[in-house]
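*Asks:* Protein chains in written order, with the working numbering: chain X, 1 to 320; chain Y, 1001 to 1249.
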Amino acid sequence: MSVLVYTENWDGKFKKLSYELVSYGAGVAGMINGSLTVLSIGKVDDEELKTLGSYGAQKILSIDNENLKVFDSQAYASVIAEIATREKTTVIIIANNNSGKAVAPRLSVRLKAGIGSGVNKLPVNVNPFTVNKRAYSGNAFAHLVIKSDVKILTLAQNSFDPVTTPNNAIIEKADVSVDKSLIRTEVKEVLKQSGKLLLTDADIVVSGGRGMKSPDNWAPLLELAEALGAATACSRPVSDEGWRPHEEHTGQTGKIIAPNLYIAVGISGATQHLAGVSSSKYIVAINNDKNAPIFEAAQYGIVGDAMKILPKLAEAVKNK
Amino acid sequence: MKILVCISNVPDTTTRIKFTEGDASIDATGIQWVINPWDELSLTRALELKDDPATGIKSVTVAHVGPASSEPTIRKALAIGADDGIRINSESADAFFVAAQLADVAGKEKFDIIMCGIESSDYNGSLVGGMIAEFLGIPSVSAVSGIKIENGSPVVTREIDGGKEIVTVPVPFVAIVQKGIAKEPRIASMRGIMLARTKPIKVFEPVPAEPLTQVISLAKPAPRSACRFIDAENPSQLIELLQNEAKVI
Ligand SMILES: Cc1cc2nc3c(=O)[nH]c(=O)nc-3n(C[C@H](O)[C@H](O)[C@H](O)COP(=O)(O)OP(=O)(O)OC[C@H]3O[C@@H](n4cnc5c(N)ncnc54)[C@H](O)[C@@H]3O)c2cc1C
Ligand SMILES: Nc1ncnc2c1ncn2[C@@H]1O[C@H](COP(=O)(O)O)[C@@H](O)[C@H]1O
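1) In chain Y, what lies closer than 8 Å to L228/X by C-beta?
2) Say whether chain X places a C-beta atom closer than 9 Å to the C-beta of A1175/Y.
3) Quick one, are the C-beta atoms of L1242/Y and L261/X less than 9 Å apart?
4) Just to confirm the assignment, what range does the alpha helix (DSSP H) spanning A104/X have?
5) Buried or exposed: where does G1030/Y fall if 16 or more other Cβ atoms within 10 Å of its Cβ makes it buried?
6) How is A1143/Y classed by DSSP in three states: helix, strand or coil?
7) Report the start-end ranges of each beta strand (DSSP E) in the segment 153-238 of chain X that is 3 residues or longer and not cut off at the edges.
8) Who are C1006/Y's beta bridge partners in DSSP?
9) Does P1011/Y have its Cβ less than 9 Å from a Cβ in chain X?
10) Strictly by DSSP, which residues pair up with W243/X?
11) With a threshold of 9 Å between beta carbons, is T1044/Y in contact with chain X?
12) Chain Y beta carbons: is any one of them nearer than 9 Å to that of K192/X?
13) Quick check: the Cα distance between I115/X and G269/X, rounded to an integer number of angstroms?
14) Does any heavy atom of ligand 2 sit closer than 8 Å to the C-beta of K1006/Y?
15) Any idea what DSSP makes of G42/X, helix, strand or coil?
16) Using 8 Å as the cut-off, can you tell me whether the segment 1095-1106 of chain Y makes contact with the segment 1010-1030 of chain Y, which would need three or more C-beta pairs spanning the two stretches below that distance?
17) If the cut is a Cβ gap below 7 Å, which residues of chain Y does T253/X touch?
18) Specify the secondary structure class of I1118/Y as computed by DSSP and reduced to three states.
19) Can you tell me which of R1197/Y, V1174/Y, D1039/Y, S1070/Y puts its alpha carbon nearest to the alpha carbon of A1028/Y?
20) Assuming R106/X and S73/X form a contact by the criterion Cβ under 8 Å, report the distance between their Cβ atoms to the nearest whole angstrom.
21) Any residues whose CB sits closer than 5 Å to a heavy atom of ligand 1? List them in chain order?
22) Are the C-beta of M1115/Y and some C-beta of chain X separated by less than 9 Å?
23) Would you list the one or two residues that DSSP bridges to H249/X?
24) Runs of 4 residues minimum, wholly inside the segment 1089-1134 of chain Y: which ones carry the alpha helix (DSSP H) assignment?
25) What does a CB cutoff of less than 6 Å around I170/X pick up in its chain, not counting 5 residues either side in sequence?
26) Flag E248/X as yes if its beta-carbon sits less than 9 Å from any beta-carbon of chain Y, otherwise no.
27) Could you tell me the distance, in whole angstroms, from the CA atom of T1198/Y to the CA atom of I1074/Y?
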C-alpha cells in the first residue's frame, strides 16, 4: 500500500498547493497504513525538494529530463504512470488545477484507475474506497465509490490546510525513459503576466459585480484589495462588458476558487456565480438590496452603497 | 477535416436540485435539460470554423452517450447547425465508460478534431476529454480558450497559471474547451429547427467497458450560518470581526 503525490513546480519552486497535496497525501497514507512518496518533475534543487519532507513525505523522487521541459499531458501521464507502477502505488494524488485536469484522466485510462475529481476532504472510507466530491456545480456532493485497485484523487486548491509533520525524507533522482513520439504539442508563444498574485492562489479575494456601475468606479475596490493583500475578481457580466479582464471572472463558467475570505461587492449572488465561490471559508457581501441572494451565502453583510462603504473599509484596514 | 463535438445534457443551471428517496439520484421531475454550457460553446466555435471555407472543415457532428429519452438534446444541437448526430445507446455509467464509447466512435469514424467541455455542470468531472485522448493515443490540449486553423493545421490557445500559451498540435487531437472558445452560444433559428427534423442521428450500441466508479448517494452541502449584518454607517466593525472573530485577515 502506498500513496504517490505528484506536484508540479513553478520555476523551480513549490507553492502552498504543493504542501496541501503532500499533507493530504500524508492523511490518506495514514488511512491506508501506507507510505508516502512525492514525485517532482523538472529542475528543482535539493533544498527546495527537502521542504516537501516537512509535510510528511517519506521519499521524494525527482525527475529532471530534457524531454519533459514542455508540459505535454500525454508524456507526463506516461511518466507518472511508470513511477506509480514501479512504486506499487495504490492511491495517486494530483492537483485539480489546469495541468492536473490534463494529466489525471490520461493516467486513469493508462492504469485503469478510477478518479475522484475535485475532492476537498479526506476519503470518507477506504474500504470500499469512498470520497465526497463536488457535484451539480456546488449544489450537491456525491459519495463516490472508486472500485479499481489503483485510485486517483484530484485535490481542489485551497481546500486542505498544509500540516507540518517533520520527516527526514530521502531524496532520490529517478530516471525514466520518455517516449519522444508522445510529445506532439509545440508551444509557439507564451503570454504571461508575472508578479501578480494569482486569483487561484489568493487567500483573500475582493470581487466586484454589476453593482459597481462603471469600470471607472473600481479604484476604491482595488484600494481595499491592495490594503488586504488580496487578489481581485469579478462577476461574468463585468468581464463580458470588458470592465475587468477575463482572468478575473469567477463562477461556473469562470474560475472556481476557495479563498479564506471572499468579499462580494455589488454582486447579486446568482447560482452560477456562487458555483465558483461557495467553497470560500468566509463570504462577505456588500449590496444595497437587503434581499439580494448573496446574503444567503454570506456570513457577514453590509446593506448599503458600495461607493460609500469601500473607502471606509480600506481606511479601517490601513488603521488596524 | 471533420469535427466531433461531444455533448452532455445537464439540468438547467438555475435548477434547485432535489434528490429522490434514499438520496441515490436527483429527482428529475420538472427539470429542464439543456446542452452542457461548454458543449454549446464548442459547437458554436466548430460551426464558426466550418462557415469559413479557408479552414477546410467539411462537417460538424455531435455525439452523446445516453438513452433514447435524451434525443431532444441531439436534435437541439442539429437545430443549432450540426450536420448529423451520433447517439450511443446507454446510460452514462461513469466518465471512463462514457469516454470508452466516445473514443470508439471517434476512432472508427475518423474525426480530426474532437471537442469536449472542461466539465459537465452535473458531474463536475473534468475527465471525459482527457480519457478519450488516452484511449485513442492521440494528443489533447486542455483549458483551450481559442482554436484557429492556419494553413490546414490547428493553432490552439490554452490557459496556464497567470497567462496563455499558443500551441500547435497535429490532427487528430482532443480539444478540451473552456471560457473564451466562443463568445455567445449560437441559438437555433426557425429554419434550423425545421432542417433538424430530417438530419440523421446514427445510433450505436455501447462497446464493453467496466465503469471504475459509482455514485452511491448525494448530499446537500452543509447550510451556512445566517448572515450577520453590520451597520453601513460603521463598516470598520466588519474589519474588526474579520480580524478577531473569523480570523481571516
Ligand atoms: C450558463 C450560464 C453560466 C453563467 N456563469 C456565470 C459565472 O461563471 N459567473 C457569474 O458571475 N455569472 C454567471 N452567469 C450569469 C449569472 O446568471 C448572473 O447574471 C450574474 O452572476 C450577475 O452578475 P452581477 O451579480 O454582477 O449582476 P446583477 O445580477 O445585476 O447584480 C448587481 C447587484 O449589485 C447590487 N447593487 C446595485 N447598485 C449597488 C450599489 N451602489 N452598491 C452595492 N450594491 C449595488 C444590486 O442590488 C444587485 O444585487 C451565468 C449564466 C448562465 C446562464
Ligand atoms: N454522456 C455524454 N455524452 C457525450 N459527451 C459527454 C458525456 N458526458 C460528458 N461528455 C463530454 O465530456 C465533457 C466533460 O464532462 P465531465 O468529464 O463529465 O466533466 C463534457 O463537456 C462533454 O463534452
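Idealized CB from N, CA, C, for every residue including glycine. This structure is a prediction, so every number in the text was calculated from the model and none was measured.
*Replies:* In short:
1) Result: I1249.
2) Chain X places no beta carbon closer than 9 Å to that of A1175/Y, leaving this residue out of the contacts.
3) The Cβ atoms of L1242/Y and L261/X lie closer than 9 Å to each other.
4) Counting along the chain, the unbroken alpha helix (DSSP H) around A104/X starts and ends at 98-111.
5) Flag for G1030/Y reads exposed.
6) Three-state result, A1143/Y: strand.
7) Runs found: 170-173, 186-192, 204-208, 231-234.
8) DSSP lists A1063/Y as the bridge partner or partners of C1006/Y.
9) With 9 Å as the cut-off, P1011/Y counts as an interface residue toward chain X.
10) None; W243/X has no bridge partner.
11) Chain X, which has no Cβ nearer than 9 Å to the Cβ of T1044/Y, makes this no.
12) Judged by the 9 Å Cβ criterion, K192/X is in contact with chain Y.
13) So the two alpha carbons sit approximately 31 Å from each other.
14) A quick correction: the sequence has Cys, not Lys, at residue 1006/Y. Flag set: Cβ of C1006/Y near ligand 2.
15) Three-state result, G42/X: coil.
16) The segment 1095-1106 of chain Y vs the segment 1010-1030 of chain Y: no contact.
17) Per Cβ cutoff of 7 Å: P1037, K1179.
18) DSSP, read as helix, strand or coil, puts I1118/Y in coil.
19) Sorting R1197/Y, V1174/Y, D1039/Y, S1070/Y by C-alpha distance to the C-alpha of A1028/Y places S1070/Y at the top.
20) Right, the Cβ-Cβ distance comes to about 6 Å (below 8 Å), so this counts as a contact.
21) That gives G209/X, R210/X, G211/X, S235/X, R236/X, P237/X, G251/X, Q252/X, T253/X, G254/X, G266/X, I267/X, S268/X, A270/X, Q272/X, H273/X, N287/X, N288/X, D289/X, A292/X, D305/X, A306/X, T1013/Y, P1037/Y.
22) Taking Cβ atoms only, chain X never reaches closer than 9 Å to M1115/Y, which makes this a no.
23) DSSP, once it has assigned bridges, lists C234/X as partnering H249/X.
24) Fully enclosed alpha helix (DSSP H) runs of 4 or longer: 1095-1108.
25) Same-chain partners within the cutoff: K59.
26) With 9 Å as the cut-off, E248/X does not count as an interface residue toward chain Y.
27) The alpha-carbon of T1198/Y is positioned some 13 Å away from that of I1074/Y.
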